[in-house]
Amino acid sequence: MKKYLVNEIFLSLQGEGYWMGTPMVFLRFSGCNLRCPFCDTDHSSSTPYTLDALVAAVSAAASSVRRVCLTGGEPALQVDAALLDALHAAGFAVHIETNGTRPLPPGIDWVTLSPKSDFVEAPSPALEAADEIKVVFIPGKTDAERWLAFPARHHFLQPCYSSETDSSNVSETVAYILAHPSWRLSLQTHRLLGIR
Ligand code: SF4
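So the sequence shown is numbered by the working numbering: it starts at 19 and just counts up by one.
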């Protein structure tokens, strides 16, 4: 029987992008196929769940919230149609935040593509479109023109909060958006608020 390797499950507010401020359950899968230098997520530890146990755990964490965000690590390494069907049957709208290097099962309600190939060796995107694209902005590294052409309903640039960068990254991101107004700013508001 398949086991999903899960790092953590918790209820919080979406901190970034179009759904910022919206209550969601976060289902963080363990493991990723990339090694980004600024990765701020410790997704290495894992607990194995069967499908039924995983949906039960998400439901238990959700209270009355019926929106779940599949994240990681890289959730596309583990998410499959069976999990998607079971979460939908439990009444959840299903979001995913992915680096886009792996194909996704059909039927996900909201796809956030966060490409990392400007910063680390990565396969070409396996996705042809997304609901939103959220791109980490590092001046001189981020190919913003390329990602603005990617088919998505919303295009967000997000400053890099790595310890390798300083606050000038925020001001440079703002300056870039003012000069290229098809972009919108995304901030990691959960960090600013001190919540998960
Ligand atoms: S794709 Fe995301 S989770 Fe994976 S290493 Fe990069 S920042 Fe971390």
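A virtual CB, placed ideally from N, CA and C, is assigned to each residue, including glycine.
Predicted, not measured: the structure shown is a model, and the values here were computed from it.
Per-residue DSSP class, three states only, for residue i
i	result
A75	helix
V83	coil
N187	helix
L52	coil
R164	helix
P141	coil
R16	There is no way to answer for residue 16, as the model of the chain reaches only from 19 to 214.
H61	coil
Y36	coil
T207	helix
I114	strand
Counted within 10 angstroms of its Cβ, other Cβ atoms place residue i as buried (16 or more) or exposed
i	result
K53	Here residue 53 is Arg; the residue named in the question, Lys, does not match the sequence. It is exposed - the Cβ of R53 has fewer than 16 other Cβ atoms within 10 Å.
I114	buried
R46	buried
T89	buried
L211	exposed
K159	exposed
S142	exposed
S48	buried
T59	exposed
E139	exposed
I156	buried
E146	exposed
A99	exposed
G91	buried
H173	buried
Run of the alpha helix (DSSP H) containing residue i, from where it starts to where it stops
i	result
D103	A99 to A107
Endpoints, beta strand (DSSP E) assigned at residue i
i	result
W128	W128 to L131
A148	A148 to F155
A170	A170 to P177
R46	P41 to F47
L122	Segment: none, L122 is in no beta strand (DSSP E) and carries neither H nor E.
S135	S135 -> no beta strand (DSSP E), and no H or E assigned at all.
E26	Y22 to L31
Residue i CB to nearest heavy atom of ligand 2 below 8 Å
i	result
K21	Because ligand 2 does not appear in the structure shown, any question about it cannot be addressed here, the ligands present being ligand 1.
Chain B within 9 Å of residue i, Cβ atoms only
i	result
A104	No chain B appears in this structure, which consists of one protein chain only.
What residues sit near ligand 1, counting only those whose C-beta is closer than 7 Å to one of its heavy atoms, in chain order? Having a Cβ closer than 7 Å to some heavy atom of ligand 1 are C50, L52, R53, C54, F56, C57, T59, H61, G90, G91, E92, N117, S132, K134 and V138.
Could you tell me whether the segment 205 to 214 touches the segment 19 to 33, where touching means 3 or more Cβ pairs closer than 8 Å? Judged by pairs of C-beta atoms under 8 Å, the segment 205 to 214 touches the segment 19 to 33, as three or more such pairs exist.
How do the segment 66 to 75 and the segment 19 to 29 stand: do at least 3 beta-carbon pairs fall below 8 Å, yes or no? Yes, they touch.
Report yes or no: do three or more beta-carbon pairs, one from the segment 194 to 205 and one from the segment 159 to 168, lie closer than 8 Å? Result yes; three or more Cβ-Cβ pairs closer than 8 Å.
At least 3 beta-carbon pairs within less than 8 Å: the segment 119 to 133 vs the segment 72 to 82: In short, these stretches do not touch, since the Cβ pair count stays below three.
For the 8 Å Cβ check, are there 3 or more pairs between the segment 128 to 139 and the segment 100 to 107? Taking one beta carbon from each stretch, the segment 128 to 139 and the segment 100 to 107 have fewer than 3 pairs nearer than 8 Å; the two do not touch.
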